[in-house]
Structure formats: structure tokens, C-alpha cells
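Enquirer: Mind having a look at this structure? Questions to follow.
Protein chains: 2
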Amino acid sequence: MEKVRLGIIGLGAQGGAYAGFIAEGRVPNMAIGAICDIDPEKKALAQEKYPDVPFYDNYIDMLESGDVDAVVTCVPHYLHPEMGIESLKRDVHALVEKPAGVYTKQVKELNEFAATKPELTFGIMFNQRTNKLYQKVKEVIDNGEIGNIRRTNWIITTWWRPQGYYDQSAWRATWEGEGGGVLVNQAPHQLDLLQWIAGMPKKVYSNVKYGYQRDIAVEDEVTALLDYGNGATGTFITCTHDIMGTDRFEIHGDKGKIVVDDSETVTIKRLKTPESEMSATMDMQDVMRIFMGAGPGEIYDEEVLKFESVWGEQHTSVMENFAANILEGTPLLAPGSDGINGVALANAIHLSSWLGKEVELPVDEDEYFAALTKKIEEEKKSPIQK
Amino acid sequence: MEKVRLGIIGLGAQGGAYAGFIAEGRVPNMAIGAICDIDPEKKALAQEKYPDVPFYDNYIDMLESGDVDAVVTCVPHYLHPEMGIESLKRDVHALVEKPAGVYTKQVKELNEFAATKPELTFGIMFNQRTNKLYQKVKEVIDNGEIGNIRRTNWIITTWWRPQGYYDQSAWRATWEGEGGGVLVNQAPHQLDLLQWIAGMPKKVYSNVKYGYQRDIAVEDEVTALLDYGNGATGTFITCTHDIMGTDRFEIHGDKGKIVVDDSETVTIKRLKTPESEMSATMDMQDVMRIFMGAGPGEIYDEEVLKFESVWGEQHTSVMENFAANILEGTPLLAPGSDGINGVALANAIHLSSWLGKEVELPVDEDEYFAALTKKIEEEKKSPIQK
Numbered sequence: 001m002e003k004v005r006l007g008i009i010g011l012g013a014q015g016g017a018y019a020g021f022i023a024e025g026r027v028p029n030m031a032i033g034a035i036c037d038i039d040p041e042k043k044a045l046a047q048e049k050y051p052d053v054p055f056y057d058n059y060i061d062m063l064e065s066g067d068v069d070a071v072v073t074c075v076p077h078y079l080h081p082e083m084g085i086e087s088l089k090r091d092v093h094a095l096v097e098k099p100a101g102v103y104t105k106q107v108k109e110l111n112e113f114a115a116t117k118p119e120l121t122f123g124i125m126f127n128q129r130t131n132k133l134y135q136k137v138k139e140v141i142d143n144g145e146i147g148n149i150r151r152t153n154w155i156i157t158t159w160w161r162p163q164g165y166y167d168q169s170a171w172r173a174t175w176e177g178e179g180g181g182v183l184v185n186q187a188p189h190q191l192d193l194l195q196w197i198a199g200m201p202k203k204v205y206s207n208v209k210y211g212y213q214r215d216i217a218v219e220d221e222v223t224a225l226l227d228y229g230n231g232a233t234g235t236f237i238t239c240t241h242d243i244m245g246t247d248r249f250e251i252h253g254d255k256g257k258i259v260v261d262d263s264e265t266v267t268i269k270r271l272k273t274p275e276s277e278m279s280a281t282m283d284m285q286d287v288m289r290i291f292m293g294a295g296p297g298e299i300y301d302e303e304v305l306k307f308e309s310v311w312g313e314q315h316t317s318v319m320e321n322f323a324a325n326i327l328e329g330t331p332l333l334a335p336g337s338d339g340i341n342g343v344a345l346a347n348a349i350h351l352s353s354w355l356g357k358e359v360e361l362p363v364d365e366d367e368y369f370a371a372l373t374k375k376i377e378e379e380k381k382s383p384i385q386k
Numbered sequence: 001m002e003k004v005r006l007g008i009i010g011l012g013a014q015g016g017a018y019a020g021f022i023a024e025g026r027v028p029n030m031a032i033g034a035i036c037d038i039d040p041e042k043k044a045l046a047q048e049k050y051p052d053v054p055f056y057d058n059y060i061d062m063l064e065s066g067d068v069d070a071v072v073t074c075v076p077h078y079l080h081p082e083m084g085i086e087s088l089k090r091d092v093h094a095l096v097e098k099p100a101g102v103y104t105k106q107v108k109e110l111n112e113f114a115a116t117k118p119e120l121t122f123g124i125m126f127n128q129r130t131n132k133l134y135q136k137v138k139e140v141i142d143n144g145e146i147g148n149i150r151r152t153n154w155i156i157t158t159w160w161r162p163q164g165y166y167d168q169s170a171w172r173a174t175w176e177g178e179g180g181g182v183l184v185n186q187a188p189h190q191l192d193l194l195q196w197i198a199g200m201p202k203k204v205y206s207n208v209k210y211g212y213q214r215d216i217a218v219e220d221e222v223t224a225l226l227d228y229g230n231g232a233t234g235t236f237i238t239c240t241h242d243i244m245g246t247d248r249f250e251i252h253g254d255k256g257k258i259v260v261d262d263s264e265t266v267t268i269k270r271l272k273t274p275e276s277e278m279s280a281t282m283d284m285q286d287v288m289r290i291f292m293g294a295g296p297g298e299i300y301d302e303e304v305l306k307f308e309s310v311w312g313e314q315h316t317s318v319m320e321n322f323a324a325n326i327l328e329g330t331p332l333l334a335p336g337s338d339g340i341n342g343v344a345l346a347n348a349i350h351l352s353s354w355l356g357k358e359v360e361l362p363v364d365e366d367e368y369f370a371a372l373t374k375k376i377e378e379e380k381k382s383p384i385q386k
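See below:
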């Protein structure tokens, strides 16, 4: 087997883009094995664009056809775990779209099933993990270059969506259709990067606004306060109503600081002496001398790095890495089992706001599922007029 | 009366600086009327530096001497309200140092007494209010140039203090001596500016670390989540253990955004059309066109302003304005009665962390006072070994 034959489930915006990347040869170790969609219009589209590629209107049929070695699940979030399980069950490798699911209860089932099939490749489309910028940030942290983390603050409000976006389909931004708003649809990348880079918090308190600036049932504004359990704290702020959105991620460690601006520029300051040692040995006169005289350059080195990104490159990198894992055992950048962390964070942020108190992670999966089910029932009784 | 004769209570770092400013003629409408300190060494210092200025070791004697028209209270925080009241009682104008006090119960007494003496001038040393940068920010907000506020986020961690700072005196950073840490000693300026510019939040939740990176009883790390009660939210983050501290204040409104970096640079973005209107009229194609093509300049104008500050200028401006109010009725930049807001915020942040839940503002002043008293008692039983 030279190329992995990928079955694309769902020929919407994402699925269509992935098919295009493969067709254009941007994923050298992949071929389009088959395409599946329940929409007859998509069938016509697929047959026009990819006349030689088999088409299925039922993904189980595709899984059992022998046409595909692997699938990618470009379908509504709720379906990712189920489709992942059905694929792996039939010895078809699975690349699930983000988020891994809507609630941890279902994602756990996926992970547990995947664990019984260690010979198969199970990945998740965390394309931001292939971003050289965030790889660098993770490397600096993992190497201990800024020491132990004391604080993480991420304002990521560049997810502007107009009301028209939400009005495109009835299922959008509903509890039943998506299971959440910005936390489930737009911010999963940052929730994953945050935990990938800085680890999972132990406790979360949140203030979440549902339908604050948009006529939707789910959240369009999130402020979460994180506690890492070792003294370190954090904030995570996101929304879909800031058309001049901010993307600023600050990580404060006991030996340095990293600031990422606009996912483009990384400023790394490395202290020459750990902060705790400076605290123990310096008096206020030294402080005055540094801040008013010698200048802070005396105490740290600063490195500024700029990164450029090419649209689509991140997705093709995940696809290529996923296929390379199947073909050659190359380590996965984004193992599917990692997907649960971002979902656990999103669930904790929702639950804290519903309970009005700080919650411990992981939150009780049955409690969250029950609360979500209640939201869905309430929504059915009085749907939002979009 | 051409000049206000100021009585300086406490010849420490602040009191000494104020005496110097007046002696150097930097406050043209003020003269040093008298100096008071309980420390004999300070008496020697005063007599050496200001041989013609009367010295008192009891501030009540100074108030009753006829030597002073007004006083400034450069003494531990707990004493500000009491000294303010005693001065006003004797028809001596009062300029209290920040914070106005440690707990709102005492500050309220001061405000209530001051209200019975409307003919006297009652000011507070919120020198940052004379900072042209923050005046500009307030003006832009007050003029509605960025519309209604949706979010405020301030990371102000430039208050680095080494352990040696805390070890200078036994009363420092204790509940009995100061009644708090960074919230009471360093950050009152920003707490005041925040409420001056953006209004008081209605609810506060906080995660506060006491003695996190320093051997102290009080807080050296604060993360507070603010809820303004109208949908708007905020975060306020401060600490004393970040030697490469951040000072970044972002205000997001429905017609624009203000970002203040390092209390030096203000970036103001004004939308050409209010965000809610853009949301109502734009579809995702328009969004793609703007963000990937025409550029965001199509939707907003950006103004970047730089401000320089001269050390001491802010303090002399408050002093001059205070004296001008006495002499000519010039409106006060920082009326003393405003001091309670920052104290109320600090109290709410403390109380939320002690109760582990969100609190409504203003917090119950008796509940806060009882909780603070308990901290003082606990501290007496097991003092921190500094």
C-alpha cells in the first residue's frame, strides 16, 4: 500500500476542501478512496468533480465496501464519536474532525473502543498543532525554558460570526444541533492548544453569556477562570461578536514569559536568574536601579519570532501525518484520544456557568449529559426565533 | 489666602516626596504648613531639611495649631479614614492617601462625615487620574466613541516586589498592618481607574492566592472575573511576582475597541458601522471579503497615541488641583468620596475568594469587616515567618 485511500464522510465545506487538497496532490500519501453524503445535491457535485471516485449515501456501506482504508468525519459534532467507533469496528482507520464530540460521555466511549484497536490509527483534526508557532511555544515550555507555569491568559475573540451565519441552517447554534456555541464550534482549537501546551486545569469557574449579542440559544461570549491546582491560574476568553477580535496568549513562568500575538508573533523573554532567586536576593534599591536605570535587558533576554501560515497547509499536514502513521508508524501529532481534553474543558466551562460555581475537572460525565439533555428539551419547547 | 498651607502627616517615602515637591516649588499654590510624625528620627530629618517648618509628633495637635489649612495622610491605610474625619471635624481640608481605607465600613464613615462638611475640600491621591492617557481613555468612553462596553480586561502585573520589600517592616503584608496585599497596596490605582473609566461591576468572582510566591499572609496574586450586570464582563489580574510584568488594558465596545499598552500607548479602533448593525446585515461572504481581501481597514479607523509621563508630575497635579479647589473652587479630579469604590472592589475580590463564590457589590460591610477581623486573629495566632 503506497497511499492511504481516504473515505470522506460529508462533502460540506471541510470535506470538500479535503477532497480538493488530495485531488491537487497536496497530500502525497493519500488518495480519495470514496465520498459519502446523505444529500443528493452533494452526490451530483461529487460525481461532477470526482467522476472516478465511488460515492455512497450511507457511510456504513462505504466502510464495508473495501474502497477505503481510512475515513475523515466531516459531519455535525454529535456524530463524530459514533462514526469513529463504526469505522474502527470495521478495521478502518479514523480521523475525526474537531471537536471529538459534544460531551465527554460519548468521547470516552470512542476512546475506550479505540483502545481495543491499538493496531489502527485514530487521529483528530487539530490542525493548529501543526502550526510551527504553537509547536515552538510547546517546545519552549516542555524544555523548561520559562520554568514552571504560573499563569496563562488567552483572549481569543477573532471568531466573529454575523447573525446571518447562524441563520444559514436550523441546526446551527442550537443545543440539539451543535451542543454549544463558540466553545464547541470555533474555539476547540484553542482549548486543545491551551491544554496541549500548558496542561489541563484542575478547576474551572466561568461566566458564559448565552445569546448575548446574537439570537441563538448557545453561548457567544465566554470568560473562564482556570486553576491548575498547583497555584497556577489562567483565564480563557472567547466570543463571536468582536469584529476587531483580539488573539493574545500570555504564559508567565518562573523563569520567563511567552506572549503570542495574533497567532503570528511570539515574544519569548528568558530570565537570566529564576524569579524566586531574584526575589530572595534583591532589595528595593536593586529594583529601582534596574527599572529606572540599567533597564530590564539586564535581567532577561528577549527573542521575537514571526511565523507565516499558508491556508490549508495545517490541514494537509495533519492528513499527511495521519497517513504516515498508518503507512510507516510515524508518531501522530494529534492522537484521537487527545480530543477528550478540549471537550472536557468546554463541558466544565458550560457546567460551571449553569451551576453558578467552580467545578472540578473532569466534571461528572453523567451530570453534564443530563444538564445538556435538559437544555435540548427546553430548547424544543421554546426555540429561539432566529 | 494665596497658598494652601499643607500639613504632612507621616514623613515616610510619600510624605517626604510631597514635602520635596512643595519645597521645590512644583506645587505653586501650596506651602508646607507643618510636618507631623511619631518617629523621633523623622523629627530630626524634618528639622534638618525644613528648619522653618513647625513639627508635631501628634497630628491632633497639628490640626489644632492653626499652622495648617489642609492635611495629607501619608500613614498606614487603616488610619486614613480616622485622620480624614479628625481633620474635617476641625475644619481642616483633607487629602487622603490611597486607598481611602482598608474596608468599606470605615470608608463609609469618612464619606458620611465629609458629606456633613460640604464647605470643606475632601480629596484622594488618585494621581493616575491626572495621567493624560487615562483621561483620554475616559473621554473616548464617555463620548460614546466606542459605544457600550461589552468587556474590560486588565492584566496589571508590573507591581514586582521582592521578598526583601516585605521583610522591611513587621506590619507589611499582614492583615493587621495593611489589611491586604497587592489589592490594598499596589493596585488601588488601577482599581480606581477601572471603575472611573468603565463603571462599577455588579458581581465579582475571584481566585486569589495568599502568600503564593512570597512568604506573606496576604495576597500576591489575583484573578478576578467581573460582571457588570448588563451582559458586559471583565477580568482584572494583578500580582507582585512577575518581574517582567504586563500592563495591558483592553476595552471592547459595540462601536470600537481601546487597548492600552504599558500605560504608554493607546490604540483606539472606531468602527464605521456599529457591530450589531454589521452582524444584522453581513453574510459570511462579506466577512471573507473583508478579512481575506479588502482588509479590516475597510470597517474601522485606527488611532495610536503615545503618552510620556514625568515622575512626580501626577502627584503634584493632584496636590495643585486639591489646593485650587480650596482656593478657587476648581472641580476636583479625585473627590475623596470616590475612594470607596476601589475599596469596595478590593473587598469584594477578597470576600469572593474567602467564600469561594461570586459576590454581589457592594458586599455587606459588616460581613467583610467580620471576615477581615477573623484573618487578623488567625494571623496573631500563627504569624508568617518572614
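Heads up: the sequence lines are chains H and F, in that order.
Read in the numbering used here, the first sequence has 282 at position 282, and its numbers run on one by one without any break.
Read in the numbering used here, the second sequence has 13 at position 13, and its numbers run on one by one without any break.
For every residue, glycine included, the Cβ atom is placed at its ideal position computed from N, Cα and C.
#1: In its own chain, which residues sit with a C-beta less than 8 Å from the C-beta of residue 317 (chain H), not counting the 5 before and 5 after it?
#2: Per DSSP, what are the beta-bridge partners of residue 221 (chain H) in this structure?
#3: Shorter than 8 Å from the beta carbon of residue 244 (chain F) to some beta carbon of chain H?
#4: When you compare only the Cα positions, how much space is there between residue 185 (chain F) and residue 354 (chain H)?
#5: With DSSP run on the structure shown, which of helix, strand or coil describes residue 166 (chain H)?
#6: Going by other Cβ atoms of all chains shown within 10 Å of its Cβ, with 16 needed for buried, is residue 230 (chain H) buried or exposed?
#7: Quick one: which chain H residues come within Cβ less than 9 Å of residue 225 (chain F)?
#8: Please name the residue in H:95, H:137, H:86 whose C-alpha comes closest to that of residue 320 (chain H).
#9: Looking at the structure shown, is residue 332 (chain H) part of a helix, part of a strand, or coil, going by DSSP?
#10: Which residue from H:216, H:88, H:133 puts its Cα closest to that of residue 170 (chain H)?
#11: Indicate whether at least one CB of chain H lies closer than 8 Å to the CB of residue 27 (chain F).
#12: Between the beta-carbon of residue 41 (chain H) and the beta-carbon of residue 60 (chain H), is there less than 8 Å?
#13: Is it true that the region 101-116 of chain H meets the region 185-203 of chain H, where meeting means three or more beta-carbon pairs spaced less than 8 Å apart?
#14: Enumerate in chain order the residues of its own chain whose CB-to-CB distance from residue 47 (chain H) is below 8 Å, with the five nearest sequence positions on each side excluded.
#15: Shorter than 8 Å from the beta carbon of residue 279 (chain F) to some beta carbon of chain H?
#16: State yes or no: is the C-beta of residue 246 (chain F) within less than 8 Å of the C-beta of residue 250 (chain H)?
#17: Please list the partners that residue 357 (chain F) has in chain H, where partner means a Cβ-to-Cβ separation under 7 Å.
#18: Considering only DSSP beta bridges, list what residue 122 (chain F) is partnered with.
#19: Run through DSSP, which three-state label would residue 153 (chain H) get?
#20: In the DSSP output, which residue or residues are listed as bridge partners for residue 313 (chain F)?
#21: Excluding sequence positions up to five away, which residues of its chain have a Cβ less than 8 Å from the Cβ of residue 88 (chain H)?
#22: State yes or no: is the beta carbon of residue 47 (chain F) nearer than 8 Å to at least one beta carbon in chain H?
#23: Does the beta carbon of residue 164 (chain F) sit closer than 8 Å to a beta carbon anywhere in chain H?
#24: List the endpoints of the continuous beta strand (DSSP E) containing residue 369 (chain H).
#25: What's the call for residue 279 (chain F), buried or exposed, on a 16-neighbour Cβ count within 10 Å?
#26: Answer with buried or exposed for residue 143 (chain F), where buried requires no fewer than 16 other C-beta atoms within 10 angstroms of its C-beta.
#27: Pick from H:326, H:241, H:149, H:205: whose alpha carbon is nearest that of residue 68 (chain H)?
#28: Hey, could you find the ends of the beta strand (DSSP E) residue 300 (chain F) is sitting in?
#29: Identify the contact partners of residue 397 (chain H) in chain F, using a Cβ-Cβ distance below 8 Å as the criterion.
#30: Looking at chain H, is there any beta carbon in it that lies within less than 8 Å of the beta carbon of residue 284 (chain F)?
#31: Just to confirm my understanding: we take residue 182 (chain H), look at its own chain, exclude 5 residues before and 5 after, and list those with CB closer than 7 Å. What are they?
#32: Which value, in whole angstroms, describes the spacing of the CA atoms of residue 132 (chain F) and residue 261 (chain F)?
#33: Could you tell me whether the Cβ of residue 387 (chain H) comes closer than 8 Å to any Cβ of chain F?
Expert: According to the data block:
#1: Looking up residue 317 (chain H) in the first sequence gives position 317. Counting only Cβ-Cβ distances below 8 Å, and skipping sequence neighbours, we find 127, 130, 333.
#2: Position 221 of the first sequence, counted from the start, is the residue given in the question as residue 221 (chain H). DSSP, once it has assigned bridges, lists H:209, H:239 as partnering residue 221 (chain H).
#3: To locate residue 244 (chain F), count along the second sequence from 1; it is residue 244. Chain H contact via Cβ: present.
#4: Counting from one through the second sequence, the residue named residue 185 (chain F) turns up at place 185. Counting from one through the first sequence, the residue named residue 354 (chain H) turns up at place 354. Annotation: residue 185 (chain F) to residue 354 (chain H) spans about 35 Å, alpha carbon to alpha carbon.
#5: The sequence position of residue 166 (chain H) within the first sequence is 166, counting from 1. Correct three-state label for residue 166 (chain H): helix.
#6: Start at 1 with the first residue of the first sequence, and residue 230 (chain H) comes out as number 230. Answer is exposed; the Cβ neighbour count stays below 16.
#7: As a working note, residue 225 (chain F) is residue 225 in the second sequence. By Cβ distance, chain H contributes 205, 206, 207, 223, 224, 225, 235.
#8: The residue labelled residue 320 (chain H) in the question sits at position 320 within the first sequence. Of the listed residues, the one whose Cα sits closest to residue 320 (chain H) is H:95.
#9: Walking along the first sequence from the start, residue 332 (chain H) turns up at place 332. Secondary structure at residue 332 (chain H): coil, using DSSP grouped into helix, strand and coil.
#10: As a working mapping, residue 170 (chain H) is identified with position 170 in the first sequence. Nearest option by C-alpha distance: H:216.
#11: Numbered from 1 along the second sequence, position 27 holds the residue referred to as residue 27 (chain F). No, its Cβ sits nowhere closer than 8 Å to a Cβ of chain H.
#12: The residue you call residue 41 (chain H) lines up with position 41 of the first sequence. The residue you call residue 60 (chain H) lines up with position 60 of the first sequence. Contact flag unset, no.
#13: no
#14: Residue mapping note: residue 47 (chain H) aligns to position 47 of the first sequence, counting from 1. Taken in chain order, the residues that qualify are 55.
#15: Position 279 of the second sequence, counted from the first residue, corresponds to residue 279 (chain F). True, the Cβ-Cβ gap to chain H drops below 8 Å.
#16: In the second sequence, residue 246 (chain F) corresponds to position 246, counting from 1. In the first sequence, residue 250 (chain H) corresponds to position 250, counting from 1. In contact: residue 246 (chain F) and residue 250 (chain H) (Cβ atoms closer than 8 Å).
#17: Locating residue 357 (chain F) in the second sequence gives position 357, counting from the first residue. Chain H residues near residue 357 (chain F): 357.
#18: Here residue 122 (chain F) is taken as the residue at index 122 of the second sequence, counted from 1. Bridge partners of residue 122 (chain F) according to DSSP: F:94.
#19: As a first step, residue 153 (chain H) must be located in the first sequence, where it is residue number 153. DSSP places residue 153 (chain H) in strand when its eight states are reduced to three.
#20: As a first step, residue 313 (chain F) is located in the second sequence; it is residue number 313 there, counting from the start. None, per the DSSP bridge assignment.
#21: Within the first sequence, numbered from 1, the residue matching residue 88 (chain H) stands at position 88. Cβ within range, chain order: 94, 113, 114, 117, 120, 122.
#22: In the second sequence, residue 47 (chain F) corresponds to position 47, counting from 1. No, because no Cβ of chain H sits closer than 8 Å to the Cβ of residue 47 (chain F).
#23: Position 164 of the second sequence, counted from the first residue, corresponds to residue 164 (chain F). So yes, residue 164 (chain F) belongs to the interface.
#24: Within the first sequence, residue 369 (chain H) is the residue found at index 369, counting from 1. Run containing residue 369 (chain H): none in the beta strand (DSSP E); it sits in the alpha helix (DSSP H), 365-381.
#25: Against the second sequence, residue 279 (chain F) aligns to sequence position 279. Classification of residue 279 (chain F): buried, given that the 10 Å Cβ count is 16 or more.
#26: Here residue 143 (chain F) refers to the residue found at position 143 when the second sequence is read from its first residue. Residue 143 (chain F) comes out exposed.
#27: Walking along the first sequence from the start, residue 68 (chain H) turns up at place 68. Nearest of H:326, H:241, H:149, H:205 to residue 68 (chain H), Cα basis: H:326.
#28: Translated into the one-based positions of the second sequence, residue 300 (chain F) becomes position 300. Segment 300-306, the beta strand (DSSP E) holding residue 300 (chain F).
#29: It is not possible to answer for residue 397 (chain H), since the shown part of chain H is limited to 1 through 386.
#30: Here residue 284 (chain F) is taken as the residue at index 284 of the second sequence, counted from 1. Yes, residue 284 (chain F) lies at the interface with chain H (some Cβ there is under 8 Å from its Cβ).
#31: Numbered from 1 along the first sequence, position 182 holds the residue referred to as residue 182 (chain H). 159, 219, 220, 222, 238, 239, 240, listed in sequence order.
#32: Locating residue 132 (chain F) in the second sequence gives position 132, counting from the first residue. Locating residue 261 (chain F) in the second sequence gives position 261, counting from the first residue. Distance between the alpha carbons of residue 132 (chain F) and residue 261 (chain F) is about 14 Å.
#33: Outside the shown range of chain H, which is 1 to 386, sits residue 387 (chain H), and nothing can be said about it.
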